[in-house]
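Asker: Please see the structure below; I have some questions.
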Amino acid sequence: MKPESIIARCLMCGKSYDLPTDHKDYAKLAASQSSAPTFICDHCGYRVRHEADEQQKPKKPI
Ligand SMILES: [Zn+2]
Numbered sequence: 797m798k799p800e801s802i803i804a805r806c807l808m809c810g811k812s813y814d815l816p817t818d819h820k821d822y823a824k825l826a827a828s829q830s831s832a833p834t835f836i837c838d839h840c841g842y843r844v845r846h847e848a849d850e851q852q853k854p855k856k857p858i
């Protein structure tokens, strides 16, 4: 019986996710052979990108 998904914990929100084999990070996590693999979930990845964009915008002078 081969595993069809891998359980990994998000480094940022701490939630555990069941990643399917077609998840973009699946191969990397499976190759790590870690008993507690970690990754950045879609929600946190989006938030990080969004915050990075916000910081690049010039601030309005008050
Ligand atoms: Zn997360």
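Our numbering puts the sequence shown at residues 797 to 858.
Yeah, the Cβ is synthetic: ideal placement off N, Cα and C, and Gly gets one too.
Remember, predicted model here, so these are calculated numbers, not experimental data.
1. With the cut-off set at 8 angstroms, would you say L815 and I802 are in Cβ contact?
2. For G810, which option in K853, K855 and D838 has the closest C-alpha, if you only look at C-alpha atoms?
3. May I ask you to check if the CB of K811 is nearer than 7 angstroms to at least one heavy atom of ligand 1?
4. Is it buried or exposed, A832, if we count other Cβ atoms within 10 angstroms and call 16 or more buried?
5. If you draw a straight line from the C-alpha of C806 to the C-alpha of S812, how long is it?
Answerer: Looking at the atomic coordinates:
1. yes
2. Among K853, K855 and D838, the Cα nearest to that of G810 belongs to D838.
3. yes
4. Residue environment for A832: exposed (fewer than 16 other C-beta atoms within 10 angstroms of its C-beta).
5. 6 angstroms
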